[in-house]
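**Q** First to last, the protein sequences are chains A and B. To convert a position in the first sequence, counted from 1, into the numbering used here, add 9. To convert a position in the second sequence, counted from 1, into the numbering used here, add 179. Using N, Cα and C, we set each Cβ at its ideal position, and we do this for glycine too. As the structure is a computational prediction, the values presented were derived from the model and not from experiment. Here it is, the structure in full.
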Amino acid sequence: MTAVWVIVGYGFREAVRRKMFAVVIVLTVAFLFLFWLANHYVFKDLSTITPPRDVNVDTRTFAGAFLVGLSMFATLFLGVVLAVFLTLGAVTGDAERGLLQPLVARPIGRSTLLVARFLGAGAVCTAYVLTVYFAGLLITGLTGHWWPDQVAWPGVELAGGVLVVIALSLLGSVVLSSTANGIAIFMLFGAGLVAGLLGSIGHALNSHTIEHASAVASWALPFEALYQDGLRMITEHASGLTGFLLQLGPFGGAYVHGWGIRLWAVVYVLIVGTIALVSFARKNL
Amino acid sequence: MPDALAVRGLAKRYGSVQALKGVDLEVGEGELVGLLGPNGAGKSTLVKIAVGLVRPTAGEATVAGARAGSRAARAELGYLAEMFRFPGWYTADEVLELHQRLSGSRGGAAERKRLLELVALADATDRRVDGMSKGMQQRLGVAQSLVGEPRLLMLDEPTSALDPVGRRTVRLLLEELRGRGVSVLLNSHLLSEVELVCDRVAILLGGQLVAVGSPHDLSRPRGVELETDEGIHRVEGATREDAPRLVAEAVAAGRQVYGVSVLTSTLEDVYLEAVGGETS
Chain A
10 MTAVWVIVGY GFREAVRRKM FAVVIVLTVA FLFLFWLANH YVFKDLSTIT PPRDVNVDTR
70 TFAGAFLVGL SMFATLFLGV VLAVFLTLGA VTGDAERGLL QPLVARPIGR STLLVARFLG
130 AGAVCTAYVL TVYFAGLLIT GLTGHWWPDQ VAWPGVELAG GVLVVIALSL LGSVVLSSTA
190 NGIAIFMLFG AGLVAGLLGS IGHALNSHTI EHASAVASWA LPFEALYQDG LRMITEHASG
250 LTGFLLQLGP FGGAYVHGWG IRLWAVVYVL IVGTIALVSF ARKNL
Chain B
180 MPDALAVRGL AKRYGSVQAL KGVDLEVGEG ELVGLLGPNG AGKSTLVKIA VGLVRPTAGE
240 ATVAGARAGS RAARAELGYL AEMFRFPGWY TADEVLELHQ RLSGSRGGAA ERKRLLELVA
300 LADATDRRVD GMSKGMQQRL GVAQSLVGEP RLLMLDEPTS ALDPVGRRTV RLLLEELRGR
360 GVSVLLNSHL LSEVELVCDR VAILLGGQLV AVGSPHDLSR PRGVELETDE GIHRVEGATR
420 EDAPRLVAEA VAAGRQVYGV SVLTSTLEDV YLEAVGGETS
């Protein structure tokens, strides 16, 4: 176990020393400032909006959920950027640069190395995602006096989604070059987001075919399903027209949700991780 | 006691390229073996299989009796890759500390200090890798390979980025290691260096061993040269044992003899003869 923690520490130092990490921090601060500005103006204008009497919409819930949904999307996106850049070259990229061979030649085992890289990147990204998620919640809560129905679980699921991406990126790093892996993971990420939006459109159009396609994509790419489940939970008690309108929007929430997809995400990471370990064990460096 | 490195019938195929074609080689205890051959001969592949970075297609390699690539084998060796890099943000001392922890070395700060002194980096303990010259990084790589006092050292082109002083430092280091009983497999293109320090030389060509032996055994007599008042006279095929007779005959013939040289082929001659001038 000692070697695992040595490599975790190595990966952690690599993460925080990279200029990319500083760029992500600067972008995050910029995002949080802009997000606060958006919250400030949205909730300031909210008092002047009066829906028609027969339209029973809770405007504060609608605005708050929309803003937190936006913040969750940005958190997931930035978390995925961080995850991909920390892991895209973990095996092939590092081997091409000559960073990996001195480590693999030591008596630590390739599986130890890969598991440690997962734990290191996972620790950094989980801390980052939870920090940004709760910062977003605090901004909306303190500015607009609106809090989501579930506070902690959506953040946990966002972090879980990023862990799924880390597993995929590490697998990609074993078989692809850094550039190819980065492109592949961002394309998968984009495909997942599109599938989620497709589900919302299918729901609005009452198209079972589109909803089915979205559900299949959710199981194939569970990071998207976890994100959607997190969105669902922030307004899980919203009902009536407010709930319906929120479901129609881009941050509407999941059609595949609950413990089934959460457990599948864990199994998915284990399967992807096992394939990565077997591939790495057979790889010539 | 098993050989530090034993390779039997080792073969490796990369797609349609046969990099190794059944190589047999041993590196005994405390022996310093030079591995020579043109680019693409299979030298680095052999070293990488021994270290466990590449899986052989056929045959076997053992390090101190343990299967190459196993943890037990890797615990016995130190490795300097041909193309390697350390993270730029690490200091020299931190690089060695990282490898101490990975190899389970208990040498602590004293071992790190001693190793940095061995490679003439005592003044660069706290210097970051990205602030070092290529030669300094190469010497740090050599120090890294010595962490944990390995029984077998695998050095793949250790002097490729070094200036003459740096090369001399590494050569003296290799001689010191041999004195301590450390076995070394040295993969190098610098024939003069190999000739100076290696007990045995193995020449690879096209994935096969074409010559193995000590530099002295591999070299062949190329005649005797006499410098007389009539100029330099070379006797082809003559050996060291023929020299006194040749001098006596020259004197008897009334020649003034100013000097006599026994000619033998250098390792470079042996190498060029073995590889037939091949390069890639």
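Residues in the segment 83 to 109 of chain A with C-beta within 7 angstroms of chain B's C-beta atoms, listed in sequence order?
**A** The residues in question are Arg106, Gly107 and Leu108.
**Q** Quick one: does B/Arg234 have its CB under 8 angstroms from some CB of chain A?
**A** Output row for B/Arg234: interface = yes.
**Q** Report yes if the C-beta of B/Ala390 is less than 7 angstroms from at least one heavy atom of the ligand FAD; otherwise report no.
**A** In the structure shown, the ligand FAD is absent, as is every other ligand, since no ligand is present at all.
**Q** What's the call for A/Trp155, buried or exposed, on a 16-neighbour Cβ count within 10 Å?
**A** It is buried - the Cβ of A/Trp155 has at least 16 other Cβ atoms within 10 Å.
**Q** Could you give the distance in angstroms between the alpha-carbon of A/Gly269 and the alpha-carbon of B/Leu334?
**A** Each residue's alpha carbon lies about 53 angstroms from the other.
**Q** So B/His368 contacts chain A; which residues on that side make the cut at Cβ distance below 8 angstroms?
**A** Near B/His368 there are no residues of chain A at all, since even the closest Cβ is about 18 angstroms away, more than 8 angstroms.
**Q** Rounding to the nearest angstrom, what Cα-Cα distance links A/Ala224 and A/Arg26 in this structure?
**A** Spanning the two alpha carbons is a distance of roughly 39 angstroms.
**Q** Given a cut-off of 8 angstroms on the beta-carbon distance, is the pair A/Gly20 and A/Ala125 in contact?
**A** Closer than 8 angstroms, so yes.
**Q** Across which residues does DSSP place B/Gln197 in a beta bridge pair?
**A** Partner(s): B/Arg192.
**Q** Spatial neighbours of A/Asn215 within its chain, please: C-beta separation below 6 angstroms, excluding the five flanking residues on both sides.
**A** Excluding residues within five positions, none has a Cβ falling inside 6 angstroms.
**Q** Within its chain, find whatever has a CB closer than 7 angstroms to the CB of A/Val77; leave out the 5 residues flanking it on each side and keep chain order.
**A** Excluding positions up to five away in sequence, the list reads Gly145, Leu146, Thr149, Pro157 and Ile243.
**Q** Are the segment 244 to 255 of chain B and the segment 219 to 226 of chain B touching by the rule of at least three beta carbon pairs closer than 8 angstroms?
**A** The segment 244 to 255 of chain B vs the segment 219 to 226 of chain B: no contact.
**Q** In the structure shown, what three-state DSSP assignment does B/His412 receive?
**A** In the structure shown, B/His412 sits in a strand (DSSP, three-state: E or B).
**Q** Tell whether a beta-carbon distance below 8 angstroms holds between B/Leu425 and B/Val441.
**A** No.
**Q** What does B/Gln323 touch in chain A if you count any residue whose Cβ is under 9 angstroms from its own?
**A** Neighbours of B/Gln323 on chain A, chain order: Pro111.
**Q** What span of residues does the alpha helix (DSSP H) with B/Ser282 cover, start to end?
**A** Residues Ala271 to Ser282.
**Q** Quick one: is A/Tyr137 buried, meaning 16 or more other Cβ sit within 10 Å of its Cβ, or exposed?
**A** With 16 or more Cβ atoms within 10 Å of its Cβ, A/Tyr137 is classed as buried.
**Q** Mind pulling the chain B residues with CB within less than 9 angstroms of A/Leu123?
**A** Within chain B, no residue comes near A/Leu123; the closest Cβ sits about 15 angstroms away, beyond 9 angstroms.
**Q** Whole-angstrom Cβ separation of B/Leu356 and B/Gly314, contact assumed at under 8 angstroms?
**A** Not quite, the Cβ-Cβ distance comes to about 20 angstroms (not below 8 angstroms), so this is no contact.
**Q** Name the chain A residues whose beta carbon is nearer than 8 angstroms to that of B/Leu476?
**A** Outside the displayed range of chain B (180 to 459) lies residue 476 of chain B, so it cannot be described from this structure.
**Q** Just mark B/Tyr450 as buried or exposed, buried being the case when its beta carbon has 16 or more other beta carbons within 10 Å.
**A** Label assigned to B/Tyr450: buried.
**Q** What ranges does the beta strand (DSSP E) occupy inside the segment 369 to 456 of chain B, keeping only unbroken runs of at least 3 residues that lie completely in it?
**A** Runs found: 379 to 384, 387 to 392, 400 to 407, 410 to 414 and 436 to 443.
**Q** Anything in the segment 18 to 47 of chain A with a Cβ closer than 8 angstroms to a Cβ of chain B? List those residues in chain order, please.
**A** Here the close residues are Tyr19, Arg22, Glu23 and Arg26.
**Q** Can you name the start and end residues of the beta strand (DSSP E) that B/Met333 belongs to?
**A** That run of the beta strand (DSSP E) goes Leu331 to Asp335.
**Q** If B/Asp448 and B/Glu210 are in contact, beta carbons under 8 angstroms, what's the gap, nearest whole angstrom?
**A** Between B/Glu210 and B/Asp448 the Cβ distance is about 24 angstroms, and since that is not below 8 angstroms, they are no contact.
**Q** So is A/Arg126 in contact with chain B if we call contact Cβ pairs under 8 angstroms?
**A** Taking Cβ atoms only, chain B never reaches closer than 8 angstroms to A/Arg126, which makes this a no.
**Q** DSSP has B/Gly257 in a bridge; who is on the other side?
**A** Looking at the DSSP assignment, B/Gly257 forms a beta bridge with B/Leu332.
**Q** Which residues in the same chain as B/Val226 place their Cβ atom closer than 7 angstroms to its Cβ, once the five residues preceding and following it in sequence are excluded?
**A** Here the set comprises Met333, Asp335, Leu364 and Asn366.
**Q** Any beta carbon from chain A within less than 8 angstroms of B/Leu281's own beta carbon?
**A** By this cut-off, B/Leu281 is an interface position.
**Q** Please name the residue in A/Val287, A/Val113, A/Gly98 and A/Ala229 whose C-alpha comes closest to that of A/Val173.
**A** Nearest option by C-alpha distance: A/Ala229.
**Q** Residues of chain B with CB closer than 8 angstroms to the CB of A/Asn190, please, in chain order.
**A** Those do not exist, as A/Asn190 stays about 19 angstroms from chain B at its closest Cβ, beyond 8 angstroms.
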